Ligand code: MN
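In the numbering used here, the protein residues as written are 156 to 382.
Now the structure itself:
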C-alpha cells in the first residue's frame, strides 16, 4: 500500500523472544489500590473500575531519557504492573480471562498532575494529562510462560535510590482477570493491547535529572531518567 506519506511504524516492546510484542492500544485502570484512591481524594470502596487510554506511541523503551513534558510543573510517576494481551475478544468470562494474557511488564503511568487536577475540577477529559508524548515508559515483557499467572508480588518505585512507592500487586481492588473481563464488556480487546493496572500509594513529582527505578517482583526493572 502506498500512502500519501510514509505510515508510522508499529510500536513494539521487547518480549524476551526473537520477536517483539506489537502494541495496539494502551488501557489504564484508575484508582485500583485503596490507599492510592484515598490519596487522590477518591473512594477506596469497590466501585466499578474506570478506564482511560494512552496512545500506543506514548510507549518509551526501558533505559531511556523521558524529556520533561511541556505544559506542566508537576510531572508525577505511577508505577504499574502492565498486562500484555495476545488474544482478543468481547465479553470475556472471568474464568477464561487469564488465557488472554501473553505476559507482564513494569510500566510508568506518567501524569501531568496539575493538568489532571484542573480537568477533574472542570469535568473535562484526562486525555492530555495522561496521554502525552513518552507518558508510558515500559520494560520488556516477560511471557507468562516464565512467570506463571501473577496475582501477588512486591511492586516498588524508587527515585534516586529512595523508595517512594511500595505495595503488593495482590492489593489491587480489581484483580487482573476481573479487569480483563470488565474491560472486554466495554470494548472489544485485541492482541497487542496493554493494560496498565493501577498504582499503589505514594505518587509524587519528579524533576529533571531524577532517575526512576520501577520494579515488580519477577519482572525486568524499568529505569527511566527525566531529561
Ligand atoms: Mn495510573
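Cβ atoms here follow ideal geometry from the backbone N, Cα and C, with glycine treated the same way.
On a predicted model such as this, the values are computed, not experimentally measured, just so you know.
Nearest-angstrom Cβ-Cβ length linking residue i and residue j, presumed shorter than 8 Å
i: residue 374; j: residue 260; result: 6 Å
i: residue 360; j: residue 320; result: Not confirmed; about 13 Å, so no contact.
i: residue 215; j: residue 224; result: Actually they do not touch by this definition, with Cβ atoms about 11 Å apart.
i: residue 297; j: residue 171; result: 6 Å
i: residue 240; j: residue 377; result: Actually they are not in contact, since the Cβ atoms of residue 240 and residue 377 sit about 19 Å apart, beyond 8 Å.
i: residue 350; j: residue 237; result: 7 Å
i: residue 382; j: residue 221; result: 6 Å
Burial state of residue i, where buried means 16 or more other Cβ atoms lie within 10 Å
i: residue 232; result: buried
i: residue 289; result: buried
i: residue 270; result: buried
i: residue 362; result: exposed
i: residue 255; result: buried
i: residue 250; result: exposed
i: residue 264; result: buried
i: residue 202; result: exposed
i: residue 177; result: exposed
i: residue 247; result: buried
i: residue 193; result: exposed
i: residue 268; result: buried
i: residue 358; result: buried
i: residue 348; result: buried
i: residue 278; result: exposed
i: residue 234; result: buried
i: residue 303; result: exposed
i: residue 160; result: exposed
Contact set for residue i: own chain, Cβ-Cβ below 8 Å, skip 5 residues either direction
i: residue 187; result: 204, 327, 328, 329, 334, 352, 353, 354
i: residue 163; result: 212
i: residue 244; result: 255, 339, 343, 344
Paired residues, beta bridge with residue i - DSSP
i: residue 359; result: 232
i: residue 348; result: Paired residues: none, contrary to the question.
i: residue 323; result: 309
i: residue 221; result: 381
i: residue 239; result: 258, 349
i: residue 291; result: 214
i: residue 375; result: Paired residue(s): none; residue 375 is not in a bridge.
i: residue 268; result: According to DSSP, which records beta bridges pairwise, residue 268 is partnered with nothing at all.
i: residue 298; result: 258
i: residue 177; result: 167
i: residue 368; result: 313, 378
i: residue 263; result: 234
i: residue 426; result: No statement about residue 426 is possible, as the shown extent of the chain runs from 156 to 382 and does not include it.
Close-in-space but distant-in-sequence residues of the same chain around residue i (CB under 6 Å, 5 per side omitted)
i: residue 305; result: 259
i: residue 366; result: 315, 380
i: residue 370; result: 311, 376
i: residue 313; result: 368
i: residue 169; result: 175, 295
i: residue 274; result: 281, 284
i: residue 210; result: 286
Proximal residues to residue i (C-beta, below 7 Å), its chain only, five neighbours per side dropped
i: residue 323; result: 307, 308, 309, 310
i: residue 207; result: 183, 185, 281, 285
i: residue 252; result: 332, 335, 336
i: residue 198; result: 192
i: residue 317; result: none
key: Under 5 Å, CB to nearest heavy atom of the ligand MN: contacting residues   = 233, 264, 354
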